[in-house]
Structures are given as C-alpha cells and as structure tokens.
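First residue of the sequence shown? That's 55 in this note's numbering, and the numbers climb one at a time after it.
Following: one structure in structure tokens, then a few remarks.
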Amino acid sequence: MKCEICGQKININWGNSNVTLCQYHASDSEEQLKDINYKNNPQFTCESPISKGLFISIFVIEILLIIPWLPFAGLSAMAYDSGRVWPAIIMVGPFQAYPLLILISAIISSILYKKNNYSLATIWAISPILISFGTLALFDIISGILNGF
C-alpha cells in the first residue's frame, strides 16, 4: 500500500476508506485533498526539507569529531598497561572503534535513507556518537558514584 500523495510505502492507512495516506499527510483536511491535484507532484513528498540537511550535517559533525578523538584514542591505549583485561576492553573499546562505527552507520543509514525511512536513518547516523562517547560518559558517572564523586 502506498500513500496517494507522495507514493511512500506505508503499512498503516492513516487516511479514510476513500484515500490512502501516510502519517505525514493524514493531518491535511479532506477539503484540501480534494482540491489538490497531487498525483506525481514533487511538491507533495514526505521528505521534509530539513531531513537531508540534518542527515548530512550529522556525518559532517562526526567526521570533524575525529580530530579531537585522535589524541584521546592514543591516551586511551594506556588502559591496557596492565594487560588486556575485560573492564578496560569494555570501557575503551567502543571509544577506540569510533571511526569504524562511523563507517558502519554511514552504510546502514544511507540504505535506510534511500528507502525513505528518514527517522531510522537519522537514529543510525547518530549512533556512533552515542555509542563511543556515551559509554565513556556512562563509565565516568558509574565510577563517580562508586568512588563517592
């Protein structure tokens, strides 16, 4: 089933029994839909103009974050001074894998973006930052609680 306005594949008909609509176009009133010739009109698409810019800017920010990541990646290797122990690997591993995570998320999110799944593509695009820097923040909070700040 596809939205009659933009042609996006949908699983749920957000319109009524006369018209098949995606969630984005369901808020339009029926009078507006009757008055508009929307078949194959590029003006009526589900892609918001900000979605492509947001998608690209996320990757630009992630690439720029590699610059300050480099010295900290070298310093984080000192976590292995006592050998390759699991706590050090769990804590530092996601941070050191940041460039690899960017590459993986770029591939997956671009595939999702081409399939018009913009929200999931954006979530996948943000995931390297959340995984790499989020684990460091989480371990810092946990160690602060355990050590009494």
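Glycine included, every Cβ here is placed at the ideal spot set by N, Cα and C.
Keep in mind it's a predicted model, so treat the numbers as computed, not measured.
Could you give the residue range of the alpha helix (DSSP H) that holds residue 150? By one-based count along the sequence shown, residue 150 stands at place 96. Counting along the chain, the alpha helix (DSSP H) containing residue 150 begins and ends at 140–150.
For residue 78, which of helix, strand or coil comes out of DSSP? Working through the sequence shown from its first residue, we reach residue 78 at position 24. Residue 78: coil per DSSP, three-state reduction.
Taking the straight line between their C-alpha atoms, what separation do you get for residue 75 and residue 173? To locate residue 75, count along the sequence shown from 1; it is residue 21. To locate residue 173, count along the sequence shown from 1; it is residue 119. Near 18 Å, if we compare the C-alpha coordinates of residue 173 and residue 75.
N-terminal and C-terminal residue of the alpha helix (DSSP H) that residue 195 is part of: In the sequence shown, counting from the first residue as 1, residue 195 sits at position 141. Here the alpha helix (DSSP H) through residue 195 covers 172–200.
On the criterion of 16 or more Cβ atoms from any shown chain inside 10 Å, does residue 178 qualify as buried, or is it exposed? In the sequence shown, the residue the question calls residue 178 occupies position 124. Buried.
Residues in its own chain within less than 7 Å of residue 130 by CB, not counting five upstream and five downstream? One-based indexing of the sequence shown puts residue 130 at position 76. For residue 130, where only same-chain residues beyond five positions count, the Cβ hits under 7 Å are 146, 149, 150.
Cβ-based burial, residue 137 [other Cβ within 10 Å; buried from 16]: Stepping through the sequence shown from its first residue, residue 137 is reached at position 83. So residue 137 counts as exposed.
Taking all protein chains shown into account, do 16 or more other C-beta atoms lie within 10 angstroms of the C-beta of residue 167, making it buried, or fewer, making it exposed? In the sequence shown, residue 167 corresponds to position 113, counting from 1. Buried.
Could you compute how far the alpha carbon of residue 202 sits from the alpha carbon of residue 115? For the purposes of this step, residue 202 is taken as residue 148 along the sequence shown, with counting starting at 1. For the purposes of this step, residue 115 is taken as residue 61 along the sequence shown, with counting starting at 1. Distance between the alpha carbons of residue 202 and residue 115: 34 Å.
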